[in-house]
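>
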Amino acid sequence: MTTILLCVWLYFDLILWATEKPAFTMFFWSIINMIEPMIYAGILFFMYAFIDNKDILFKQKLLVFVLLSPTVILTWTNLNLSYYDLTNCWREAIEGPLPYYSYAVEGIFAAWILGFGFRRFFQTHNKSERNKIALMTSGAVFFLFSFAMGNVVGSLLVNWEIGQYGLFGIPIFVAMLSYLVARYHLFNIKLISSQLLVVAIWLLTLAILFIQDIDTVRNVVVITLILFTALGYLLIKSVKREVEQREHIEKLALDLEKANARLRELDQMKSQFLSFASHQIRSPLTAIKGYTSMALEGDFGEMPEKIKGVIETLDKSAQSLIVIVNEFLDVSRIEQGRMKYEMSDFDVRKLVEETVAELRPNVEQKGLKFTFDADVKHDYRVYADQGKIKQVIGNIVDNAIKYTPSGSIDVKVSRTKSTVNITVSDTGVGIEPDVIPKLFSMFGRAKDASKTNVTGTGLGLYVAKQMIEAHRGQIWIESEGKGKGSTFHIELPAKN
Numbered sequence: 035m036t037t038i039l040l041c042v043w044l045y046f047d048l049i050l051w052a053t054e055k056p057a058f059t060m061f062f063w064s065i066i067n068m069i070e071p072m073i074y075a076g077i078l079f080f081m082y083a084f085i086d087n088k089d090i091l092f093k094q095k096l097l098v099f100v101l102l103s104p105t106v107i108l109t110w111t112n113l114n115l116s117y118y119d120l121t122n123c124w125r126e127a128i129e130g131p132l133p134y135y136s137y138a139v140e141g142i143f144a145a146w147i148l149g150f151g152f153r154r155f156f157q158t159h160n161k162s163e164r165n166k167i168a169l170m171t172s173g174a175v176f177f178l179f180s181f182a183m184g185n186v187v188g189s190l191l192v193n194w195e196i197g198q199y200g201l202f203g204i205p206i207f208v209a210m211l212s213y214l215v216a217r218y219h220l221f222n223i224k225l226i227s228s229q230l231l232v233v234a235i236w237l238l239t240l241a242i243l244f245i246q247d248i249d250t251v252r253n254v255v256v257i258t259l260i261l262f263t264a265l266g267y268l269l270i271k272s273v274k275r276e277v278e279q280r281e282h283i284e285k286l287a288l289d290l291e292k293a294n295a296r297l298r299e300l301d302q303m304k305s306q307f308l309s310f311a312s313h314q315i316r317s318p319l320t321a322i323k324g325y326t327s328m329a330l331e332g333d334f335g336e337m338p339e340k341i342k343g344v345i346e347t348l349d350k351s352a353q354s355l356i357v358i359v360n361e362f363l364d365v366s367r368i369e370q371g372r373m374k375y376e377m378s379d380f381d382v383r384k385l386v387e388e389t390v391a392e393l394r395p396n397v398e399q400k401g402l403k404f405t406f407d408a409d410v411k412h413d414y415r416v417y418a419d420q421g422k423i424k425q426v427i428g429n430i431v432d433n434a435i436k437y438t439p440s441g442s443i444d445v446k447v448s449r450t451k452s453t454v455n456i457t458v459s460d461t462g463v464g465i466e467p468d469v470i471p472k473l474f475s476m477f478g479r480a481k482d483a484s485k486t487n488v489t490g491t492g493l494g495l496y497v498a499k500q501m502i503e504a505h506r507g508q509i510w511i512e513s514e515g516k517g518k519g520s521t522f523h524i525e526l527p528a529k530n
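Residue numbers for the sequence shown follow the numbering used here, so the first one is 35 and each next one is one higher.
Printed below as a string of structure tokens:
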């Protein structure tokens with residue numbers, strides 16, 4: 035729109051210099067005075083769109099509207115052009131006070147643009163963005179300043195030839211804008227070039243209708259032919275390139291679809307193999323666990339202490355492997371959408387208390403301090419799969435035991451209006467902030483986790499997150515860093 039207004043201003047200004055008819059002079063001069071502040075407002079809008087990539091606020095638009103309203107409403111009154119002077123050789127219109135109001139409005143807009151550019155320049159820390167803002171602001175201000183000075187000086191000295199020198203700011207501003215477009219790829223240069231050529235051909239063709247001299251017509255036709263040839267070549271080349279690119283993209287999309295289908299097939303095969311292998315491993319492990327438990331309970335009679343120690347180690351190893359196999363099976367079920375939940379009402383406090391009691395021997399064996407806290411006055415009932423929730427709690431507490439070489443572990447159950455919260459805090463190895471987001475992903479582990487727990491798979495927290503979220507709950511972890519311990523939070527919807 036700003037470009038159109040500027041072109042109209044230039045065209046009407048050319049008419050003013052060419053015509054000697056008073057009616058034409060008064061008409062086009064009045065419109066020029068009305069358009070000038072609009073050009074400044076258009077540059078202001080363009081600055082906001084260019085720098086902030088968004089429109090200006092409504093209240094700012096309202097202010098611009100209020101400032102421009104007098105220049106539009108009073109255009110055809112004596113306040114704009116008082117009369118036409120036939121007493122001198124120039125035969126010019128005599129301006130009233132309205133143009134000086136327009137100059138003041140233009141000054142406000144120019145100051146607004148300058149202030150906005152400076153403010154954004156110092157608010158931006160990116161060097162490339164600062165360069166763009168600086169070039170755009172300086173180019174716009176130079177253009178508007180030279181444009182205004184030409185008109186103001188022309189009005190004050192009543193010498194309109196001086197005003198034409200103000201137009202030299204236009205090519206400088208266009209040059210800066212062109213540099214920004216080319217340097218920073220701000221717009222589609224090919225599209226802009228094509229549009230400019232089309233407009234140029236249209237204007238040249240239109241000009242033929244008003245030219246009577248045959249030599250001039252011939253020159254215009256030659257220029258039009260050259261521009262049309264250039265435009266045709268550009269469009270044909272562009273269309274050919276885009277067709278080739280589209281065909282290439284379609285081929286890539288087809289190849290990508292085939293690759294994705296193959297990946298989905300492999301992922302399905304992986305899940306099936308994982309499930310099959312886990313089941314096959316689980317059966318002998320269960321048998322080993324069963325026999326070692328029977329042996330330790332004395333079902334096969336008394337055994338030497340040396341052998342008993344070996345059996346205890348074998349029993350613990352079998353139990354650890356069973357846990358790992360179960361995690362792989364859970365992952366397989368989750369990926370295949372086969373995880374089933376048996377929902378029921380139960381008391382989370384009692385469930386946590388039972389889980390803590392089962393794991394307390396492991397804590398005492400490491401010499402850790404272990405506390406459990408829950409206010410018995412509250413209702414901790416939830417509607418969930420009791421087995422799955424116990425598995426998650428057991429996993430979290432077991433992790434705290436494994437990753438706490440010394441210190442304490444505190445388990446707490448609390449209640450809010452709509453949720454039951456479980457908190458497991460430890461004084462263990464802690465977690466770096468950049469690692470926390472990765473812990474709940476598949477095979478996500480801290481960097482030094484293997485030094486403390488060599489049997490971890492990185493699947494437990496992934497499975498826990500999937501199970502808790504399936505119950506419309508949340509699970510997250512907090513840690514101040516390495517060596518500062520960690521706190522796991524589990525939040526479940528309360529049964530009201």
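The beta-carbon is built from N, C-alpha and C at its ideal position, and this holds for glycine as well. Because the structure is a prediction, the values reported are computed rather than measured.
Give me the residue from GLY428, ASP349, ARG154 and SER180 with the minimum Cα distance to ILE144.
Sequence check: residue 144 is Ala here, not Ile. Nearest option by C-alpha distance: SER180.
> From the DSSP secondary-structure annotation, give me the bridge partner or partners of ARG449.
In DSSP, ARG449 forms a bridge with VAL454.
> Confirm, please, whether the CB-CB distance from ASP419 to GLU387 is below 7 Å.
It is not a contact, given that the beta carbons lie outside the stated cut-off.
> For the alpha helix (DSSP H) that LYS93 lies in, which residues bound it at each end?
Its alpha helix (DSSP H) spans residues 92-107.
> DSSP state of ASP381, grouped into three classes?
Looking at ASP381 - three-state DSSP - the assignment turns out to be strand.
> Would you kindly report the start and end of the unbroken beta strand (DSSP E) that includes ASP419?
Run containing ASP419: 415-419, per the beta strand (DSSP E) assignment.
> Measure the C-alpha to C-alpha separation of GLY421 and LEU385 and round it to an integer number of angstroms.
Rounded to the nearest angstrom, the two C-alpha atoms are 10 Å apart.
> Tell me the rounded alpha-carbon separation between GLU336 and THR438.
Roughly 36 Å separates the two Cα atoms.
> Using three-state DSSP, classify PHE11 as helix, strand or coil.
The displayed coordinates of the chain run from 35 to 530. Any statement about residue 11 would go beyond what the structure contains.
> Please state whether DSSP places PRO439 in a helix, a strand or coil.
Looking at PRO439 - three-state DSSP - the assignment turns out to be coil, as it is neither helix nor strand.
> How many angstroms separate the CA atom of TYR135 from the CA atom of SER103?
Distance between the alpha carbons of TYR135 and SER103: 11 Å.
> DSSP state of PRO471, grouped into three classes?
PRO471: helix per DSSP, three-state reduction.
> Under a Cβ-count criterion, where at least 16 other Cβ atoms within 10 Å of its own Cβ denotes burial, should PRO71 be classed as buried or exposed?
Classification of PRO71: buried, given that the 10 Å Cβ count is 16 or more.
> So, at 6 Å on beta carbons, what are the nonlocal neighbours of VAL175 in its own chain, with the 5 sequence-adjacent residues on each side left out?
Excluding sequence neighbours, VAL175 sits near LEU148.
> Is DSSP giving LEU526 helix, strand or coil here?
The answer is strand: DSSP assigns LEU526 an E or B state.
> Out of THR453, THR347 and LYS292, which has the shortest C-alpha to C-alpha gap to ASP381?
Of the candidates THR453, THR347 and LYS292, the one whose C-alpha sits nearest the C-alpha of ASP381 is THR453.
> Among residues of its own chain, excluding the 5 on either side of LEU473, which ones have a beta-carbon nearer than 6 Å to its beta-carbon?
These residues qualify, in order along the chain: LEU495.
> Where VAL42 and LEU96 are concerned, what is the direct C-alpha to C-alpha distance, given to the nearest angstrom?
Straight-line Cα distance between these residues: approximately 25 Å.
> Among the residues of its own chain, which have a CB less than 8 Å from the CB of ASP301, if the five just before and after it don't count?
Closer than 8 Å at Cβ, skipping near neighbours: GLU369.
> Can you grab the Cα-Cα spacing for the pair GLU339 / LYS400, in whole Å?
Rounded to whole angstroms, GLU339 to LYS400 spans 22 Å at the Cα level.
> Starting from PHE61, trace the alpha helix (DSSP H) in both directions and tell me its first and last residue.
From DSSP, the alpha helix (DSSP H) with PHE61 extends over 56-86.
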